[in-house]
Structures are given as structure tokens and as C-alpha cells.
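Read left to right, the sequence shown gives residues 1 to 178 (our numbering).
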Amino acid sequence: MQGKSLYAVLLSIIAVLALALAVMVIFLFTTYNRINPNPEANNAKDLPQQTREVPPDEESRINLYAGEDGTGGDAIFNLKASPAHENSFLKASVTIVFDAGEKKKHLEARTDLMKDCEGEFKEACIEYFRSQTFEQLSEDTAMEKARDALKDKFNSILSKRIDERIIIRVVFEGWIIQ
1 MQGKSLYAVL
11 LSIIAVLALA
21 LAVMVIFLFT
31 TYNRINPNPE
41 ANNAKDLPQQ
51 TREVPPDEES
61 RINLYAGEDG
71 TGGDAIFNLK
81 ASPAHENSFL
91 KASVTIVFDA
101 GEKKKHLEAR
111 TDLMKDCEGE
121 FKEACIEYFR
131 SQTFEQLSED
141 TAMEKARDAL
151 KDKFNSILSK
161 RIDERIIIRV
171 VFEGWIIQ
């Protein structure tokens with residue numbers, strides 16, 4: 001009798017473990033299929049293009065680093081070290097120009113959206129400038145490259161919340177490299 005009950009207990013333990021393994025495999029396959037293994041999948045190039053030409057009177061601006069009263073607006077970024085410039089900095093004022101909608105119908109909602117994403121925008125600026133050296137940012141095309149890269153990154157951040165590319169351009173109102 002003792003041998004049969006031990007056999008039944010061992011058999012039930014094996015059955016429970018097999019069932020747990022089957023559930024875990026199903027969970028992994030369903031979860032893995034939802035995750036895109038390609039890191040370029042969320043690239044801004046996959047976003048819809050600008051849907052309309054935005055007239056200047058339907059544009060709105062937000063300075064990422066302005067104080068509550070709208071003054072200030074400069075930020076200091078550490079740059080990637082290079083042999084010639086170990087401790088370099090960039091002082092820049094980053095302004096985002098965005099589409100406020102036809103006749104500025106979406107101004108309030110989109111301004112709130114921009115303010116909600118402000119932390120992520122600032123983080124994107126920090127990451128971008130930390131990856132650049134003094135020499136790279138001293139090139140003639142450095143501001144243009146930074147504008148394009150940050151515009152794409154900002155639109156990518158917004159793509160999680162809105163289906164349009166509402167960032168029209170990024171403007172550097174100040175740019176001092178040291």
C-alpha cells in the first residue's frame with residue numbers, strides 16, 4: 001500500500017509540473033509575439049508624415065527649459081569626452097514649434113500633451129548631447145543634425161499618445177559650446 005501511494009504522489013507532482021511548464025511556454029510565446037524584437041520598430045521614420053502644411057499663425061511654441069514665469073530657458077549639457085576636450089559643455093535653449101491645429105482648435109490639448117511629455121523631451125535632449133563630442137557639435141552642420149534628430153525623437157515620444165506628427169521643428173535660441 002505504501003508503494004502505491006508514493007507512486008501516486010510522485011505521479012501527481014510530475015503532472016502538476018508538466019502543466020506548469022505548459023502554461024509557462026504558452027505565456028512566453030504569447031508575450032514574445034507581442035514584443036517586437038527589432039529595436040528600430042519605434043523609429044520616427046515609421047510615423048506618419050506631416051499631414052498638412054501648417055501656416056505660421058497656427059504654430060505654437062514651448063521652451064523646454066523656461067521657468068514657470070516663462071523666463072530663462074537655457075540648459076547646460078555635458079558632452080561626450082574627447083582626447084582634446086575632456087570636460088566640454090553646451091549651453092542651449094531648446095524651443096519646440098508644434099502644430100496647434102486648424103485655427104488653433106487643439107492648442108490647449110496639445111500644449112497639455114507637450115507639458116506632459118516635457119520630462120521625456122528633456123531626457124531625449126540629455127541623451128543626444130551626451131552622445132556628441134565637442135568636435136561633432138563644432139561642425140557647420142551640427143545644429144541642423146541636432147534639430148533633425150531631436151525632432152524625430154520628440155515625434156517618436158509623442159507617437160505613443162497621438163497618431164500625428166505635430167512637432168514641426170526644433171529651434172535653438174541659444175547655442176554656446178565650451
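Every residue gets a Cβ at the ideal spot worked out from N, C-alpha and C, and that includes glycine.
The structure displayed is predicted, hence computed values, not measured ones.
Please work out which residues of its chain come closer than 8 angstroms, Cβ to Cβ, to residue i, disregarding the five sequence neighbours upstream and downstream, and give them in chain order.
i    : result
G119 : none
R130 : F77, N78, L79, K80
K103 : E58
Y128 : A146, A149, L150, K153
F134 : L79, S82, A84, H85, S88, I177
M143 : F172, W175
S138 : I177
Determine the extent of the beta strand (DSSP E) in which residue i is found, giving its start and end residues.
i   : result
D99 : 89-99
Could you compute how far the alpha carbon of residue i sits from the alpha carbon of residue j?
i    : j    : result
T111 : I62  : 8 angstroms
Y7   : K160 : 55 angstroms
A75  : A124 : 13 angstroms
V23  : D163 : 36 angstroms
V25  : L11  : 21 angstroms
M114 : T31  : 31 angstroms
S60  : D140 : 28 angstroms
H106 : L17  : 56 angstroms
V9   : I126 : 59 angstroms
Would a check of beta-carbon distances place residue i closer than 8 angstroms to chain C?
i  : result
L6 : Protein chains in the displayed structure number just one, and chain C is not present.
Smallest Cα separation from residue i: which of the options?
i    : options             : result
S156 : A109, C117, G73     : C117
A109 : I166, A22, S5       : I166
Q136 : Q178, F121, G101    : Q178
L214 : L11, F98, L19, A142 : Nothing about residue 214 can be reported from this structure: the residues present for the chain run from 1 to 178 only.
A100 : A15, P55, A18, T30  : P55
F121 : A15, D140, I13, I96 : I96
CB-CB under 6 angstroms to residue i, same chain, minus the five flanking residues each way: which ones, in chain order?
i    : result
I176 : K91
G73  : N63, Y65, A66, S93
A20  : none
Can you name the start and end residues of the alpha helix (DSSP H) that residue i belongs to?
i    : result
R147 : 142-158
S60  : Run containing S60: none in the alpha helix (DSSP H); it sits in the beta strand (DSSP E), 59-63.
D163 : That residue, D163, is in no alpha helix (DSSP H); it is neither H nor E in DSSP.
A75  : Taken as a continuous stretch (DSSP letters only), A75 belongs to no alpha helix (DSSP H), being part of the beta strand (DSSP E) at 74-78.
C117 : From DSSP, C117 is part of no alpha helix (DSSP H); its letter is neither H nor E.
E135 : 134-138
Please list, in chain order, all residues of the same chain as residue i whose beta carbon is under 7 angstroms from its beta carbon, the five residues on each side excluded.
i    : result
E53  : none
A15  : none
Q132 : L79, K80
F29  : none
Stretch pair the stretch 56-71 + the stretch 83-90: three plus CB contacts closer than 8 angstroms
no
Is the stretch 137-150 touching the stretch 162-172, taking contact as three or more C-beta pairs under 8 angstroms?
yes
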